Amino acid sequence: RLIIYSVVFTKTASKSAPLFCGGNSPPLKSRSKPDSAFSCVFKFTSMAAVIRARPRHRITLFQLSDQQIIRRYRLSSDAIIHLLDKIKDDLEPLTQRSHSIPAHVKLLATLQILASGSFQTVIASAVGISQPSLSHILTQVLNALLRRTQYIHFPTTDAKIRRIKEDFFHIANFPNIIGAIDCTHIPILPPSINEHVYRNRKHTYSMNVQVICDANMSITNVVAKFPGSVHDSFIFCHSDGGYPQQPWLMTPINPTTATQQNYNHTHVQTRGVIERTFGVLKSRMRCLDRTGGALAYTPEKVCKIVVACCIVHNIAIRHGIPLEDMEPPEDIAPAEDIASPPKQYDMAEGRRLRQEIIGRYFTVRQRAFAAHLFTRS
């Protein structure tokens, strides 16, 4: 119990000197001169209950419609419950106090940050927690998401590889494709250390992120650890072992024949899936888009945010969650506008294999024959 001690001072006065105990006291000139003797009366007040902090209104999914849930968190209620079940052991509070933040509030608050790109103070006020607590929660949820490796993985089984090849072939009849690869820049604030290495060729600060996707815009590999000044081809050659390295990569060509033009046209159509993936990813996770402002975090934390956004994107793809307010993706860069890689990565073997594929599959006759064989197999 909380005990309040209050002290009331009273003075001993003559009968002609009234004692004012409250209300508006008369002017000082009308008071009698105080006597020298004072008596102290101690009053002990025992409160029946401990004073508690004002209760905060926690967010719940039951207060929102399905459309509101998707608009706010970019996932459906079923997808959120599925994700919560996978990571709740990492998010459950260690304390048994009644005011600890439950796991579902932590997940929803983090999803709202990723989906909106708003400041932490705004989200903290909306979900009913303090900004320092939200900052700690964001780190906790990001680490929990990054430990779940089942959401982003490159195909390794023959069945998955064959299915991905078929899906890519149906786009524009480009054979034997198991992934579309490209890099995108995620804007950040200038870091306090090694600021110059994060300055990209557009003279802004960013992280250069490499992504591989399948024909359905599901992300199969992401490399988010290089600053904005690093070239795309350097990232490809220094990527991790999440997918098998090959000595060549199918890139556009400067066309001189109709067959080469046919190859380029098919290449651009097939490559378009990675551009659409970037458009959907940044529209779904507004914190990654430049319209949401630069991410005000350290480069290390930005890398975790990028991977977490890719995980949420994949979950949304697998659950078939639409994105009604999605802005159209950026235009696909023409082949001649794509930045050329450094000379040390321009391998003669790759050019030879590319020319062999062009001659085998991209003449009019060979394309029709390849499509016939592919659909029969």
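The opening position of the sequence shown corresponds to residue 1 in UniProt numbering, with each subsequent residue numbered one higher.
A virtual CB, placed ideally from N, CA and C, is assigned to each residue, including glycine.
The structure presented is a predicted model; accordingly, all values stated were derived computationally and were not measured.
Indicate whether residue 134 and residue 124 have their beta-carbon atoms separated by less than 8 Å. yes
Given a threshold of 16 other Cβ atoms within 10 Å of its Cβ, counted over all protein chains shown, does residue 157 qualify as buried or as exposed? exposed
Option nearest residue 128 by Cα separation, candidates 146, 147, 102: Checked all of 146, 147, 102; the closest Cα to residue 128 is 102.
Beta-carbon proximity list for residue 216, same chain, < 7 Å, skipping 5 on both sides: 167, 317
Delimiting residues of the beta strand (DSSP E) encompassing residue 220: 219-227
Contact set for residue 286: own chain, Cβ-Cβ below 7 Å, skip 5 residues either direction: Closer than 7 Å at the Cβ level, and outside the excluded window around residue 286, lie 115, 116, 117, 292.
Less than 8 Å between the CB atoms is what I'm expecting for residue 381 and residue 212, so what's the real figure, rounded? Absent from the model: residue 381. The displayed extent of the chain is 1 to 377, so no value can be given.
Count the other C-beta atoms from every protein chain shown that fall within 10 angstroms of the C-beta of residue 78, then say buried if there are 16 or more, exposed otherwise. The residue is exposed, with fewer than 16 neighbouring Cβ atoms inside 10 Å.
Using the three-state DSSP reduction, which class does residue 137 fall into: helix, strand or coil? helix
Return helix, strand or coil for residue 206, following the three-state DSSP convention. strand
Taking the Cβ atom as the reference point for each residue, do residue 184 and residue 259 lie within a distance shorter than 8 Å? no
Rounded to whole angstroms, what is the Cα-Cα separation between residue 93 and residue 105? Roughly 11 Å separates the two Cα atoms.
May I ask you to report which of helix, strand or coil DSSP gives residue 189? coil
DSSP state of residue 74 mapped onto helix, strand, coil: coil
Please report the distance separating the alpha-carbon of residue 228 from that of residue 239. Looking at the two C-alpha atoms, the distance is approximately 15 Å.
How is the alpha helix (DSSP H) around residue 107 delimited, first residue to last? 103-116
Which term fits residue 122, buried or exposed, when burial requires 16 or more other beta carbons within 10 angstroms of its beta carbon? Exposed is the label assigned to residue 122, since fewer than 16 other Cβ atoms lie within 10 Å of its Cβ.
May I ask which residues mark the beginning and end of the alpha helix (DSSP H) holding residue 267? 258-284
For residue 215, does the three-state DSSP call read helix, strand or coil? coil
Looking at residue 161: is its Cβ nearer than 8 Å to the Cβ of residue 214? no
Measuring only the C-alpha atoms, how far is residue 250 from residue 288? Separation of residue 250 and residue 288 (C-alpha to C-alpha, rounded to the nearest whole angstrom) is 28 Å.
On the three-state DSSP scale, how would you describe residue 81? helix
Using DSSP with H/G/I as helix, E/B as strand and the rest coil, what is residue 129? coil
For residue 318, which beta-bridge partners are listed by DSSP? Note: residue 318 sits in no beta bridge, so no partner.
Residue(s) in a DSSP beta bridge with residue 348: The partner list for residue 348 (beta bridge, DSSP) is empty, contrary to what the question assumes.
Could you check what DSSP says for residue 363 in three-state terms: helix, strand or coil? coil
Beta-carbon proximity of residue 81 to residue 109, cut-off 8 Å: no
For residue 232, three-class secondary structure by DSSP: helix
With distances taken from CA atoms, which of 271, 206, 153, 75 is nearest residue 298? Residue 298 has its Cα closest to that of 206, out of 271, 206, 153, 75.
Skipping 5 residues on each side, what residues in its chain have a beta carbon closer than 8 Å to that of residue 219? Within its own chain, the residues whose Cβ lies closer than 8 Å to the Cβ of residue 219, once the five positions on either side in sequence are excluded, are 152, 211, 212, 213, 277, 281, 310, 313, 314, listed in chain order.
Taking the alpha-carbon positions, what's the residue 155 to residue 221 distance? The alpha-carbon atoms of residue 155 and residue 221 are separated by roughly 10 Å.
Under the DSSP definition of a beta bridge, which residues are partnered with residue 183? 210
Quick check on the DSSP output: the alpha helix (DSSP H) that includes residue 153 runs from which residue to which? Boundaries for residue 153: no alpha helix (DSSP H) harbours it, and the DSSP string shows neither H nor E there.
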